[in-house]
Structures are given as C-alpha cells and as structure tokens.
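Peer 1:
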Amino acid sequence: MKDFFKGVRKHIGKLDAEHLREQYSLVTDELAFSEMIFHTTSDGYLVLNEAGVPKWANHAAERLLGMKPEDILPTLDIPLSKSSKREIEISYPDRRFLEIQTYPMGGGETLVKLADITANREKSEEELRAGATQAVRDLASGVAHEIGNPLNAISLNLQILEQNPSDKESIAICKSEIKRLDGILKGFLQALKPSRPNLMPGSPAAPLKDCLETLKAQLEDRRITVSVDMPGALPSVALDPAQMEQVYFNLIKNALEAMKDGGSIGITIGSDDNDVFVAFHDDGAGMNAEQIAHLFEPYRTSKEHGTGLGLMISQRIVRDHGGRIDVESAPGEGTTFTIRLPRIERRVRALK
Ligand code: ADP
Ligand code: MG
Numbered sequence: 034m035k036d037f038f039k040g041v042r043k044h045i046g047k048l049d050a051e052h053l054r055e056q057y058s059l060v061t062d063e064l065a066f067s068e069m070i071f072h073t074t075s076d077g078y079l080v081l082n083e084a085g086v087p088k089w090a091n092h093a094a095e096r097l098l099g100m101k102p103e104d105i106l107p108t109l110d111i112p113l114s115k116s117s118k119r120e121i122e123i124s125y126p127d128r129r130f131l132e133i134q135t136y137p138m139g140g141g142e143t144l145v146k147l148a149d150i151t152a153n154r155e156k157s158e159e160e161l162r163a164g165a166t167q168a169v170r171d172l173a174s175g176v177a178h179e180i181g182n183p184l185n186a187i188s189l190n191l192q193i194l195e196q197n198p199s200d201k202e203s204i205a206i207c208k209s210e211i212k213r214l215d216g217i218l219k220g221f222l223q224a225l226k227p228s229r230p231n232l233m234p235g236s237p238a239a240p241l242k243d244c245l246e247t248l249k250a251q252l253e254d255r256r257i258t259v260s261v262d263m264p265g266a267l268p269s270v271a272l273d274p275a276q277m278e279q280v281y282f283n284l285i286k287n288a289l290e291a292m293k294d295g296g297s298i299g300i301t302i303g304s305d306d307n308d309v310f311v312a313f314h315d316d317g318a319g320m321n322a323e324q325i326a327h328l329f330e331p332y333r334t335s336k337e338h339g340t341g342l343g344l345m346i347s348q349r350i351v352r353d354h355g356g357r358i359d360v361e362s363a364p365g366e367g368t369t370f371t372i373r374l375p376r377i378e379r380r381v382r383a384l385k
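Numbering (the numbering used here), first residue to last: 34 to 385.
(1) With a threshold of 6 Å on Cβ separation, who are the neighbours of residue 190 within its own chain once the five nearest residues in sequence on each side are excluded?
(2) Is residue 286 near ligand 2, in the sense that its beta carbon is under 8 Å from a heavy atom of that ligand?
(3) Going by other Cβ atoms of all chains shown within 10 Å of its Cβ, with 16 needed for buried, is residue 199 buried or exposed?
(4) Give the straight-line distance between the Cα atoms of residue 369 and residue 73, rounded to the nearest whole angstrom.
(5) Quick check on residue 36: does DSSP put it in helix, strand or coil?
(6) Just the C-alpha distance for residue 154 and residue 127, rounded to the nearest angstrom, thanks.
(7) Any idea if residue 118 is buried or exposed, counting beta-carbon neighbours within 10 angstroms, 16 or more meaning buried?
(8) Per DSSP, residue 135 is paired with what?
(9) Compute the minimum distance between the beta carbon of residue 175 and the heavy atoms of ligand 1, and state whether it is under 8 Å.
(10) Please report the distance separating the alpha-carbon of residue 64 from that of residue 52.
(11) Does the pairing of the region 298–307 with the region 241–260 give three or more beta-carbon distances under 8 Å?
(12) Does DSSP put residue 50 in a helix, a strand or coil?
(13) Name the two residues that bound the continuous alpha helix (DSSP H) containing residue 247.
(14) Could you give the residue range of the beta strand (DSSP E) that holds residue 292?
(15) Between the C-alpha atoms of residue 285 and residue 311, what's the straight-line distance to the nearest angstrom?
(16) Using alpha carbons as the reference points, say which of 326, 180, 319 and 375 lies closest to residue 363.
(17) Please go through the same chain and pick out, in chain order, the residues whose beta-carbon is closer than 6 Å to the beta-carbon of residue 372, but skip the five residues on each side of it.
(18) Where does residue 69 sit, in a helix, a strand or coil, going by DSSP?
(19) Please report the straight-line C-alpha distance between residue 332 and residue 228, rounded to a whole angstrom.
(20) According to DSSP, is residue 265 helix, strand or coil?
(21) Check whether the region 83–102 and the region 140–150 are in contact - that is, three or more C-beta pairs closer than 8 Å.
(22) In whole angstroms, what is the alpha-carbon distance linking residue 138 and residue 78?
(23) Would DSSP call residue 320 helix, strand or coil?
(24) Return the first residue and the last residue of the beta strand (DSSP E) that residue 368 is part of.
(25) Just grab the DSSP bridge partners of residue 78 for me.
(26) Does DSSP put residue 15 in a helix, in a strand, or in coil?
(27) Tell me whether residue 370, by its Cβ, gets closer than 8 Å to a heavy atom of ligand 1.
(28) Is the beta carbon of residue 214 closer than 9 Å to that of residue 193?
(29) What span of residues does the alpha helix (DSSP H) with residue 92 cover, start to end?
(30) Who are the near neighbours of residue 123 in its chain, counting only those whose CB is closer than 8 Å to its CB and skipping five residues on each side?
(31) Given this structure, state the Cα-to-Cα distance separating residue 230 from residue 353, to the nearest angstrom.
(32) Quick check: is any heavy atom of ligand 1 less than 8 Å from the C-beta of residue 290?
(33) Can you tell me whether residue 69 is buried or exposed, with buried defined as 16 or more other CB within 10 angstroms of its CB?
(34) Is DSSP giving residue 41 helix, strand or coil here?
(35) Quick check on DSSP: helix, strand or coil for residue 355?
(36) At a cut-off of 8 Å, is residue 362 close to ligand 1 when judged by its beta-carbon and the heavy atoms of the ligand?
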C-alpha cells in the first residue's frame, strides 16, 4: 500500500481526471478490504489520539467493552504511547475478563488490542491438567538443563576439597550451589503442582518487609536503592503471606536483574475503591512490545541463567488470590509491574 501511494505521488502530475478516478477507487477498495478484516476479527482494536480519545474502533472493540469506547475509555486509565499489558473485569452485559495491550504507534497515537480471556481464566482444573502435559515436559527439560551447571561446580569444588580439605571458598561455593539446586527444584515443583493459597485477612505490606530482608545483601551488593511509599492504614485483603512474598521476590529480583549497578526500585502501595495495589517500578532496561506480548509465558527468558518461570508462577499465585498483575514498560525507560488484590469487602460482595 505504501509503495502504491509512492507510485501515485510520483506520477500525479501526469494523471488526468479519468486516471485519478481509477486510482482513487483502487485506494478505497483497498481501504474497505483492510477495514473489513479489522471489523471481522474477534479481537478488539482501537486507535487513540494523543489525548486518549478513540479515532477509530472496530466492531469487536465495541462488543467487548459493552458500550461506546469513548464512554468507557476514560474509566480504564489506558497508558498512552507506551507498551503495556493488563487485565480488566467487565460486568456488563455479562461478566468477562479482557486483556488490554497497548502499542505506541508514533505521532502520539496508541494502538489498543482487546482480547476476551474469560475462558482462559475460568478454565476448569481438568482442562488445565490436560493442557499441562506439554508444560511438564518443557519444565522437566528445563530443569535437566538447569541442574547441570551447579552439579558441575559442586563436583569441581569437591575435587579441590579432596586435595585441600580446609579450602573455605570451595565449601562456600558447594553450599551456595546446593542452595541453587534446592531453588530450582522448589520452582519446578511449584510450577508443576501449585498449592492453593492459604488465604487469611492481612496487609499486603507485611510480606514485603520479609522479602526485602531476604534480598538485602544482593541489593546492597549492587548498590540498588529501594524506596517504599505507603499510606499509614491500608484496607485488608485475603492473602497467603508466604506465597505473596514469593511474588514480591520474583518481581524485585527481575527489577534488580534489569538494572545496572546503582539503580533504584520504587515500591508504591495504595488502594482504590476495589483493590489494594503494590507497584514495583525500576529504571532498568525496559521491554519492547514484542516482549510484553509474550510475558508470563513459561520459558520466555532473555537471561543466560534465567528460567523464565518467575512471572508465570507469580501470575498464577496472584490469580489464585483473585487478583491480577499489570505491566507498563518502554525500552530504556524502565518497567512497572502492579499487583492488584481485591479488597475483602469487595470479595464478600462478589460472592453474594
Ligand atoms: P527469568 O527472570 O528467569 O528470565 P521471568 O519469568 O522472571 O524469568 O521473566 C521473564 C522475562 O521477562 C525476563 O527474562 C526479562 O526478559 C523480562 N522481564 C521481567 N521483568 C522485567 C523487568 N523488570 N525489566 C525488564 N525485563 C523484565
Ligand atoms: Mg525472574
């Protein structure tokens, strides 16, 4: 289509009225064809201008949102000119979960893609188990690959110890490699057989303290500063503190790994009418739209020693809590992951 326009522009001086009419109708045919494709896909597409006002929306976007996009968009707080991914719950005309992805298009415009993920979120245990076979195979081969390195390191250091039984460094390496093996196995088991959260009322801020304590040495080592911004009082949520601590651990570890030495992580805790949220912001490498599209899928890792399991496990834990994880990022500008957990009053209302 671009080439076509270039061609027309080059020869426009030579085109007479008859030719122009012909070219014009070719263009309108092409446009009608593209528009037809956009209107017949089941995913919703919207183009927003720099003020967030929809310039264009396909039929699916209106159907999925249940009302005119311009009426509901202001309430959705869509990030403009940024890559992002989040889930929302729509209660009208019927209860559904939508995944919203944004892509910056240049010129201040934003492309928004809406997909109905209700079926995915409400998949029965049985279906999940049936689909899990391939995932288990992938997980197992990942583990087999992962344990190779620590086992090699242990075997090497045991040989050193054989020569020199008092070599403190080798003992320390063996210990830390064994810890790593333990971590790999725990991750594997958790991915394989997630345990239901043991929910109790509490504050999502409590597990954060323990988590920061665990990561303290690593953060100091990398000269990464962490600031926590939270109000004095927070509404309660139903949570499993140990599982939530693991989610925080995964997100902070990723932030740490995305930054150079001396970076900073900002953690903001707060609440709105529906949820209590915990947001983790880093000023690290950020991600492009392609990376964001595949986020939360197992084995997607950009790291040499990564497992690509951290986000998948974290999302599952948060979903088991009735919550969700949103992400916003731009290459070179850093990333924000936001965990949202429903306030207890809201859970009770939802169950009535
Ligand atoms: P792993 O950390 O083992 O790679 P994860 O599931 O935790 O697995 O993360 C998957 C991928 O998502 C990472 O490899 C990285 O490319 C990307 N990612 C996650 N968090 C961030 C972040 N804060 N900044 C930039 N990229 C991130
Ligand atoms: Mg990780």
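Glycine included, every Cβ here is placed at the ideal spot set by N, Cα and C.
Peer 2: In short, the structure shows the following:
(1) As a working note, residue 190 is residue 157 in the sequence shown. Result list for residue 190: 203, 206 and 207, in chain order.
(2) In the sequence shown, the residue the question calls residue 286 occupies position 253. Flag set: Cβ of residue 286 near ligand 2.
(3) Your numbering for residue 199 matches position 166 in the sequence shown. It is exposed - the Cβ of residue 199 has fewer than 16 other Cβ atoms within 10 Å.
(4) Mapped onto the sequence shown, residue 369 falls at position 336. Mapped onto the sequence shown, residue 73 falls at position 40. Roughly 33 Å separates the two Cα atoms.
(5) Within the sequence shown, residue 36 is the residue found at index 3, counting from 1. Of the three classes helix, strand and coil, the one that applies to residue 36 here is helix, per DSSP.
(6) As a position in the sequence shown, residue 154 is number 121, starting the count at 1. As a position in the sequence shown, residue 127 is number 94, starting the count at 1. Cα to Cα, the separation comes out at about 15 Å.
(7) As a first step, residue 118 is located in the sequence shown; it is residue number 85 there, counting from the start. Result: buried.
(8) Numbered from 1 along the sequence shown, position 102 holds the residue referred to as residue 135. DSSP output for residue 135 lists 117 and 145 as bridge partner(s).
(9) By one-based count along the sequence shown, residue 175 stands at place 142. Not so, every heavy atom of ligand 1 lies at least 8 Å from the Cβ.
(10) Position 31 of the sequence shown, counting from 1, holds the residue named residue 64. Position 19 of the sequence shown, counting from 1, holds the residue named residue 52. Those two C-alpha atoms are separated by around 18 Å.
(11) yes
(12) The sequence position of residue 50 within the sequence shown is 17, counting from 1. Residue 50 falls in the helix class under three-state DSSP.
(13) Looking up residue 247 in the sequence shown gives position 214. Start and end: 239–254.
(14) Position 259 of the sequence shown, counting from 1, holds the residue named residue 292. Unbroken run through residue 292: none, as it is neither H nor E.
(15) As a working mapping, residue 285 is identified with position 252 in the sequence shown. As a working mapping, residue 311 is identified with position 278 in the sequence shown. Straight-line Cα distance between these residues: approximately 12 Å.
(16) Locating residue 363 in the sequence shown gives position 330, where the first residue counts as 1. Residue 363 has its Cα closest to that of 319, out of 326, 180, 319 and 375.
(17) Reading the sequence shown from its first residue, position 339 is the one you call residue 372. Excluding residues within five positions, the ones whose Cβ falls inside 6 Å are 311, 351 and 358.
(18) As a working mapping, residue 69 is identified with position 36 in the sequence shown. Residue 69 falls in the helix class under three-state DSSP.
(19) For this step, residue 332 is matched to residue 299 along the sequence shown. For this step, residue 228 is matched to residue 195 along the sequence shown. Rounded to whole angstroms, residue 332 to residue 228 spans 20 Å at the Cα level.
(20) For the purposes of this step, residue 265 is taken as residue 232 along the sequence shown, with counting starting at 1. Looking at residue 265 - three-state DSSP - the assignment turns out to be coil, as it is neither helix nor strand.
(21) yes
(22) The residue labelled residue 138 in the question sits at position 105 within the sequence shown. The residue labelled residue 78 in the question sits at position 45 within the sequence shown. Rounded to whole angstroms, residue 138 to residue 78 spans 13 Å at the Cα level.
(23) Position 287 of the sequence shown, counting from 1, holds the residue named residue 320. The answer is coil: DSSP assigns residue 320 none of H, G, I, E or B.
(24) Numbered from 1 along the sequence shown, position 335 holds the residue referred to as residue 368. Segment 367–375, the beta strand (DSSP E) holding residue 368.
(25) Here the question's residue 78 lines up with position 45 in the sequence shown. 146.
(26) Absent from the model: residue 15. The displayed extent of the chain is 34 to 385, so no value can be given.
(27) Counted from its first residue, the sequence shown places residue 370 at position 337. Answer for residue 370: yes, Cβ within range of ligand 1.
(28) As a first step, residue 193 must be located in the sequence shown, where it is residue number 160. As a first step, residue 214 must be located in the sequence shown, where it is residue number 181. Their beta carbons are not under 9 Å apart, which means residue 193 does not touch residue 214 by this criterion.
(29) On the sequence shown, residue 92 is found 59 positions in, with the first residue counted as 1. Per DSSP, residue 92 belongs to the alpha helix (DSSP H) from 92–98.
(30) Within the sequence shown, numbered from 1, the residue matching residue 123 stands at position 90. Closer than 8 Å at the Cβ level, and outside the excluded window around residue 123, lie 97, 98, 99, 129, 130 and 131.
(31) Stepping through the sequence shown from its first residue, residue 230 is reached at position 197. Stepping through the sequence shown from its first residue, residue 353 is reached at position 320. Approximately 7 Å between the Cα atoms of the pair.
(32) Here residue 290 refers to the residue found at position 257 when the sequence shown is read from its first residue. Residue 290 Cβ: within cutoff of ligand 1.
(33) On the sequence shown, position 36 is the one that residue 69 refers to. Exposed.
(34) Along the sequence shown, one-based indexing puts residue 41 at 8. In the structure shown, residue 41 sits in a helix (DSSP, three-state: H, G or I).
(35) As a first step, residue 355 is located in the sequence shown; it is residue number 322 there, counting from the start. Three-state DSSP puts residue 355 in coil, outside helix and strand.
(36) Looking up residue 362 in the sequence shown gives position 329. Result yes, Cβ under 8 Å from ligand 1.
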